[in-house]
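Start counting the sequence shown at 1; every next residue gets the next number (full-length UniProt numbering). Just so you know, even glycine gets a beta-carbon here, dropped at the ideal spot from N, CA and C. Treat the numbers as computed from the prediction; the structure is a model and nothing was measured.
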Amino acid sequence: MPRIAGQAHWVTALRHRLERPMEVLQKAHFMPDSDSRKQLVLTYGQMVQVLDDTVRKYYSEWSQNLDGQYIKRLELPLMVRCKDKTGKLDINFDKDLLNLFSEIYYWERLKFEIPQSVCNIYQDREELRVLRERTLLLIRNYNRIIGMLSPDELGLFRDRIRFMDKKIQPGLTKLVWLSKGASNVFIRDCLLHIDKVQSVVDGYKASNLSISKLCRQISETLLIKLDGKTVYRNLEFEDDQKAHQQRCLQMLRSTHQNIVDIMTSIHNIFSNDGPEVQEHWVTYTEKVDHMVEEALKSNIKQSMKNLSRAINGDSKTSPNPLFKVQVALRQTTPQTTPKVEFSPTLGKLGQIVNIMPQLISTISELKRLPELFTSKQSQGNPIHINIEQDEEIRKIQAAVATGMTANAGHLQAYLKTWDKYRDIWEINKDSFIQRYQRLNPPVTSFDADIHRYTEKANSVEQEETVLNIRFVMLDCSPLKSSLVQHCSEWQTKFTQLLSHIASTRLKELHASLQDSTDRLRQPPQTLLELDESLKLLDTLRGDLAKTEAQIPLIHDQFAILDKYEVPVEHAVQDMREVLNGKWVWYQQVLIDSDIMLQKHKEKFKNGLVVSSEEFKKKIQTTLEEFNSAGPFDSALSTELALNQIAEHRSQLEILKEEESTILHGLGFFKIEQTPSKVIRTLEKDIDYLQQVWEITQDWNANWNIWKVGQFTTLQTESMESTAQDMFKKLHKLQRELKDKEWDILDFSKNKIDQFKTIIPLIADLRNPAMRDRHWKQICEEVQCSFDQTSTEFTLEKIMLLGLDKYADKICEISGAASKELSIEQGLEGITKTWEETILDIAPYKKGHYRLRGTDEVFQVLDDNQVILSTMKASRFVKAFEREVDSWERRLSQVLEVIEMILTVQRQWIYLENIFQGKDIREQLPHECKEFEDVSSSWKTIMGRLHKDNNAIRGTHHSGLPEKLSEMSSQAGGDPEGPGHVPGDQEADLPKILFPLQ
């Protein structure tokens with residue numbers, strides 16, 4: 001309600017309130033026309049008049065206050081930006097116009113005439129109202145988009161918002177409320193574009209909502225499946241969890257791919273936008289990536305919490321059995337001691353429960369979203385690494401590990417309750433039975449031990465079979481079964497041992513009696529057999545009482561086996577029944593055998609004496625054959641000689657064996673005879689002869705290799721060492737065999753001695769200092785030509801050429817080559833030195849250069865000139881005379897040029913300082929010009945030296961010495977040169993300008 005027109009309406013309403021009672025009063029004709037009534041009518045009329053005057057007064061005030069400039073207020077832009085920096089829009093319609101339209105409307109209702117000054121604008125009120133409402137619709141739509149987006153999202157939609165801003169910019173600047181047609185077209189276009197942007201934003205928001213739902217789905221797809229009822233055996237838990245994780249992984253892959261697809265569709269919206277939008281897109285991608293990471297982290301955290309609850313229980317209840325573990329007796333290898341273990345073991349159970357690495361591995365293939373959209377490696381850690389390093393998850397994992405460790409302690413404590421049966425499985429049955437057998441226990445011990453294991457088996461059966469220790473259900477049936485089986489095995493071992501002992505003793509006794517009988521009844525064929533038979537008879541007689549004592553013991557052992565109903569072989573049972581009769585028969589055999597052996601003893605003694613005499617004759621014959629047949633002749637081949645020696649050695653071994661047999665037989669009958677000295681001498685000679693031939697064979701083999709080897713590849717040190725070793729061995733043998741005239745010994749020693757004489761010749765020929773001129777000189781000496789680099793130039797070739805005859809001359813040539821090599825190396829050192837020696841050319845000024853310190857160069861010059869002088873004084877310099885002379889000339893030129901450079905440099909620097917003065921240049925223009933020419937030449941020379949500052953190359957430039965000499969004359973020696981000053985100036989500058997003349 002407008003202020004002024006509203007007051008007028010309020011007054012009018014008061015008038016209407018008075019009119020209704022007055023109308024009733026006027027219609028009440030039954031009332032008398034009294035004074036009070038008249039007074040009331042009069043007062044009413046006055047009041048109505050006052051009220052009407054008041055309304056007209058209000059109208060008059062309102063109309064008078066109209067300024068007539070309302071049209072200008074329509075010249076404002078349609079919209080303005082809000083001042084709260086939110087970027088939103090507000091309508092820019094003048095509120096006074098709205099009040100004016102309201103005032104006019106209500107004055108018109110009161111039947112007042114609209115003033116002409118506002119009549120025109122009021123006629124357009126409907127169009128303005130429509131335009132204003134459409135503008136408000138545009139503003140609401142724009143502001144709704146701005147309000148829906150966070151600051152980061154505003155950056156993401158920066159280009160679209162800028163485009164919207166560009167579209168609505170005329171409404172903020174150009175279009176005013178008077179331009180209704182253009183404004184309506186503008187608003188229609190803007191609404192269409194804003195609706196498109198709104199559609200994109202709505203899609204973006206819907207995508208964000210979908211991503212949030214997918215992230216929630218990721219967090220709820222737990223990777224550990226526990227129902228609280230299933231009890232897992234062996235590896236069922238691991239297999240079941242892996243299968244569940246694979247199913248979850250497929251779901252996570254699908255969900256992650258859906259997020260990627262949604263992100264891809266969102267990215268398509270912004271893919272063509274500017275770099276700023278792309279930066280915000282990266283931020284948005286990282287935000288979504290963080291949501292995915294948090295979802296996966298929540299998944300892993302909740303999964304591990306469920307596992308921790310299954311392991312540790314909660315504050316109110318203990319954990320239900322999760323794993324069924326068998327308690328069993330395990331033996332890894334037949335050699336190890338069995339142990340009571342859990343199946344699966346606690347270590348394996350810990351590995352199964354340590355499922356965190358599997359969970360991390362399961363999600364490790366899910367890459368970060370920025371990597372998928374930018375194809376660049378993320379700077380941060382992968383998702384699975386951050387999750388793995390999360391402190392809360394690590395605490396849960398530690399709680400699981402603590403629960404496992406605590407329960408492992410309980411389980412180990414339970415295992416110790418079975419230690420009272422440890423001896424049943426820990427003691428190695430075979431080893432114990434072997435020790436038991438060695439102790440030779442009485443039969444009563446066997447009976448007691450068998451009964452003891454029966455009682456232990458009954459005790460094992462009384463133990464509890466199934467029990468729960470927190471989350472582990474223990475099944476002890478495998479262990480109880482194993483222990484009962486072990487008790488049975490112990491009983492079997494004892495009965496088998498007893499049966500084996502009894503049967504073995506019985507069989508051994510029968511076999512011993514029969515074997516002794518067979519051996520004693522066999523007539524001896526040799527002296528050795530006679531000796532053995534007599535010893536056997538004495539032994540058997542001494543063991544009669546001991547053997548007889550075994551018979552009652554065997555009967556007692558079989559009685560115990562009968563008690564425990566242990567089956568015995570039929571053959572053993574038969575031996576047991578005839579044992580007593582066999583013993584009586586055996587005693588009679590010993591008496592008969594003694595008579596037979598005494599007769600054979602006398603017969604062997606007579607035959608052995610005859611054999612000893614015949615053997616002495618055979619030894620002498622063999623020695624004579626060796627001394628005559630050898631092999632001692634050097635003409636024989638080594639192979640044939642060694643074969644003959646082998647035959648002699650074979651005959652010697654036969655004689656030695658025969659001698660041993662005869663000596664042993666004579667000793668049996670107490671007849672003394674010493675070993676043959678002839679056999680020892682023959683054996684020693686055969687050994688020496690074999691050594692000589694083996695050394696000869698080794699020498700021939702080495703010589704055959706050396707003589708065909710290429711001369712340049714011969715290893716002279718090795719050859720000399722080998723020859724010297726062989727020579728020493730032969731020399732030593734020659735001293736040992738000085739009374740022997742063996743041709744092969746002298747022949748081989750002389751041949752090696754001859755070879756030793758050519759070793760120095762080979763060393764001289766292989767001197768690395770030898771050059772082609774030296775080889776040519778050797779060819780001239782021996783008067784034949786050869787190619788020392790050829791593969792055919794071998795040691796054999798050297799011997800054929802007869803070079804050993806010229807050993808002294810070749811030694812002299814080789815020595816000279818070594819001396820010449822030192823000169824050659826000295827020249828190479830000089831060449832290398834001057835390749836590296838440089839002149840210190842440094843910038844001076846104005847593009848000029850100067851030669852700095854030359855002490856090092858002069859020192860090198862002095863050293864090399866001394867070396868060259870020493871070379872020229874040597875009698876071995878002939879081959880290098882030309883090169884030595886060349887170097888002397890070059891070094892002399894280096895010295896000369898450097899000294900000239902230093903001279904010219906001093907002159908030039910001096911004159912350059914003089915001609916810098918302006919007065920001198922004006923007074924001596926001709927001399928100044930000549931100095932500039934000299935300075936130019938000096939700059940060229942020194943510039944060239946700066947580019948190539950090698951001392952040899954720089955000082956040997958063509959024409960350089962002559963040019964320097966000329967410049968020196970011009971700078972300091974020519975009276976008319978740049979140093980010359982006219983007579984009228986000379987008196988003033990005698991000591992400054994001409995110090996060098």
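Check                                                                                                                                                                       : Outcome
Can you check whether the CB of Leu-590 is closer than 9 Å to the CB of residue 1037?                                                                                       : Outside the shown range of the chain, which is 1 to 997, sits residue 1037, and nothing can be said about it.
How far does the beta strand (DSSP E) with Val-466 in it reach, from first residue to last?                                                                                 : 466-469
For Lys-339, does the three-state DSSP call read helix, strand or coil?                                                                                                     : strand
Considering Val-80, what are the terminal residues of the beta strand (DSSP E) in which it resides?                                                                         : 79-81
Let me know if Cys-487 comes out buried or exposed under the rule of 16 or more other beta-carbons within 10 Å of its beta-carbon.                                          : buried
How many angstroms separate the CA atom of Asn-468 from the CA atom of Ala-399?                                                                                             : 21 Å
Have a look at Glu-720, Tyr-688, Leu-689 and flag the residue whose alpha-carbon is nearest the alpha-carbon of Trp-703.                                                    : Glu-720
Excluding the 5 residues preceding and the 5 following Arg-921 in the sequence, name in chain order all residues of the same chain whose CB lies nearer than 8 Å to its CB. : Phe-915, Cys-928
Are there three or more Cβ pairs, one per stretch, closer than 8 Å when the region 706-725 is compared with the region 784-804?                                             : yes
Check whether the region 456-476 touches the region 315-331, counting contact only when three or more Cβ pairs, one atom from each stretch, lie closer than 8 Å.            : yes
What are the start and end residues of the beta strand (DSSP E) that includes Gln-326?                                                                                      : 323-330
Which same chain residues end up closer than 6 Å to Ala-5 when comparing Cβ atoms and leaving out the 5 residues on each side of it in sequence?                            : Glu-103, Tyr-106, Trp-107
Check whether the region 167-186 and the region 145-152 touch, using three or more Cβ-Cβ pairs below 8 Å as the test.                                                       : no
Does Leu-851 come out as helix, strand or coil in the three-state DSSP assignment?                                                                                          : strand
Per DSSP, Arg-233 is paired with what?                                                                                                                                      : Lys-324
Would you check if there are 3 or more beta carbon pairs closer than 8 Å linking the region 248-259 to the region 341-351?                                                  : no
So, Phe-191 versus Asn-141, is the Cβ gap smaller than 9 Å?                                                                                                                 : Correcting the residue identity first, residue 191 is Leu in this sequence and not Phe. Yes.
Cβ atoms of Leu-89 and Leu-138: under 9 Å apart, would you say?                                                                                                             : yes
In angstroms, rounded to a whole number, what distance separates the CA positions of Ile-778 and Leu-868?                                                                   : 29 Å
Could you tell me which residues DSSP puts in a beta bridge with Gln-710?                                                                                                   : Thr-794
How far does the alpha helix (DSSP H) with Leu-97 in it extend, from its first residue to its last?                                                                         : 95-109
Looking only at DSSP bridge pairs, what is residue 999 linked to?                                                                                                           : Past the boundaries of the shown model lies residue 999; the chain is included only from 1 to 997, so the question cannot be answered.
Pro-478 and Val-584: beta carbons closer than 9 Å?                                                                                                                          : no
Just checking, does the region 451-466 make contact with the region 305-312 on the three C-beta pairs under 8 Å criterion?                                                  : no
Less than 7 Å between C-beta atoms, sequence neighbours within five positions excluded: which residues of the same chain meet that for Trp-951?                             : Here the sequence assigns Ala to residue 951, which means Trp is not the residue at that position. Only Trp-834, Thr-837, Ile-838, Leu-839, Val-857, Val-894 meet the Cβ criterion.
What does DSSP give as the partner residues of Pro-843 in its beta bridges?                                                                                                 : Tyr-849
So, under 8 Å CB-CB, Ile-744 and Trp-693 are touching, yes? Tell me the CB distance rounded to an integer number of Å.                                                      : 7 Å
Tell me whether Val-200 sits in a helix, a strand or coil according to DSSP, three-state version.                                                                           : helix
Entirely within the region 645-709 and at least 4 residues each: give me those alpha helix (DSSP H) ranges in chain order.                                                  : 677-708
Put Ile-91 into one of helix, strand or coil per three-state DSSP.                                                                                                          : strand
How about Lys-707 and Ile-679: are their beta carbons less than 9 Å apart?                                                                                                  : no
Report the residue from Val-578, Ser-512, Gln-49, Leu-25 whose alpha carbon sits nearest the alpha carbon of Lys-38.                                                        : Leu-25
Comparing C-alpha positions only, which one of Glu-286, Tyr-284, Ile-427 sits nearest to Gln-335?                                                                           : Ile-427
So what does Ile-838 bridge to, in DSSP terms?                                                                                                                              : Asn-950
Nearest-angstrom Cα distance between Thr-940 and His-926?                                                                                                                   : 22 Å
Are the Cβ atoms of Ser-499 and Val-443 separated by less than 9 Å?                                                                                                         : no
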